[in-house]
Amino acid sequence: MSDPTTIRRLYGRRQAFALRNRAQRLVEELLPTVAVPKEGPLDAARLFGKACPLELEIGFGKGEHLVAHAGARPETGFIGCEPFLNGVTGLLGHIEDEGLSNVRVHDGDALNVLERLPDAVLERVYLLHPDPWPKARHAKRRFVNPGPLDLIAAKLKPGGEFRLATDHPVYMRWAVMQMARRDDFEWLAERASDWETRPDDWPATRYGEWAAGEGRPIWYFRYLRK
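Following the working numbering, the numbering of the sequence shown begins with 1126 at its first residue and continues without gaps.
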């Protein structure tokens, strides 16, 4: 079956609206200083100039979740991947406002970054509210598919964690099915409340708060890399 690792195509508009003055300045001035290199192998030393734990977020939206973690754990290096420029400028604004030095930004497909990292290097991978592609014919576009999951499994350290959140029932069922087929992850849930309630160390996202405000349930999955 085809999936994002074979399709290698991003859907949707890269830019939703014209960048305002500050956003344009952030892209021109700040982004080059925090951007993930476009080519070549990646590791903590190349990204942050030192050895440090690494975590990666796939599709960070406006960056609230990533920034909360980065601010709380300055000793960890965070890599954020987001192909849509308006989201990138949101994260850049947080980086500037909070003076964060432990965040690197990739304005493109997360697969490109994952593939260039060493195996067993990441402490956590986050995938929060991905596009559900709810129609059956679009299932191959979902990030939770065998190819991307194989890559996440390869890059996570043993004992590392894959965190996934969704408010879409189709994607929830799909994710449970896909992850249940794997023997390289352990689902860290013992009761329904473990995945129906956001853990204390899981910062809220703007989208998640909006979905909750609409009355939609959100499911929070935590998987341990065996």
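Note that beta-carbon positions come from the ideal geometry of N, C-alpha and C, so glycine has one too.
Remember, it's a predicted structure, so these values are computed and weren't measured experimentally.
Selected residue, minimal CA-CA separation from residue i, among the options
i: residue 1202; options: 1188, 1170, 1184; result: 1170
i: residue 1331; options: 1318, 1254, 1345; result: 1254
i: residue 1205; options: 1252, 1306, 1326, 1155; result: 1252
i: residue 1338; options: 1326, 1273, 1292, 1304; result: 1292
i: residue 1150; options: 1213, 1316, 1309, 1299; result: 1213
i: residue 1193; options: 1173, 1327, 1349, 1283; result: 1327
i: residue 1188; options: 1222, 1177, 1163; result: 1222
i: residue 1152; options: 1166, 1217, 1322; result: 1217
i: residue 1303; options: 1267, 1313, 1283, 1284; result: 1267
i: residue 1307; options: 1260, 1340, 1349, 1325; result: 1349
i: residue 1317; options: 1295, 1335, 1336, 1342; result: 1342
i: residue 1257; options: 1319, 1290, 1229, 1245; result: 1290
i: residue 1285; options: 1322, 1319, 1245; result: 1245
i: residue 1263; options: 1324, 1182, 1296; result: 1296
i: residue 1145; options: 1175, 1276, 1243, 1211; result: 1211
Three-way DSSP call (helix, strand, coil) for residue i in this model
i: residue 1145; result: coil
i: residue 1344; result: strand
i: residue 1165; result: coil
i: residue 1203; result: strand
i: residue 1242; result: coil
i: residue 1339; result: coil
i: residue 1229; result: strand
i: residue 1350; result: strand
i: residue 1197; result: helix
Any C-beta of chain C under 8 Å from that of residue i
i: residue 1262; result: In the structure shown, chain C cannot be found, because there is only a single protein chain.
Alpha-carbon to alpha-carbon, residue j and residue i
i: residue 1138; j: residue 1184; result: Here the model assigns residue 1138 a pLDDT of 49, short of 50, so the residue's position is not dependable and the matter cannot be decided.
i: residue 1346; j: residue 1265; result: 21 Å
i: residue 1310; j: residue 1177; result: 24 Å
i: residue 1162; j: residue 1247; result: 18 Å
i: residue 1239; j: residue 1166; result: 10 Å
i: residue 1148; j: residue 1134; result: 26 Å
i: residue 1259; j: residue 1298; result: 11 Å
i: residue 1250; j: residue 1278; result: 10 Å
i: residue 1128; j: residue 1272; result: 6 Å
i: residue 1224; j: residue 1305; result: 41 Å
i: residue 1333; j: residue 1197; result: 20 Å
i: residue 1294; j: residue 1158; result: 39 Å
i: residue 1230; j: residue 1156; result: 7 Å
i: residue 1191; j: residue 1182; result: 7 Å
Report task. At 4 residues or longer, and completely inside the segment 1284-1321: list those alpha helix (DSSP H) runs for me, N to C. Result -> With a minimum length of 4 residues, the continuous alpha helix (DSSP H) runs that stay inside the segment 1284-1321 are 1294-1305, 1318-1321.
Requested in this report: Just list the beta strand (DSSP E) runs in the segment 1244-1285, keeping only unbroken ones of 3 residues or longer that don't cross its boundaries, in chain order.
Outcome: 1247-1253, all fully within the segment 1244-1285.
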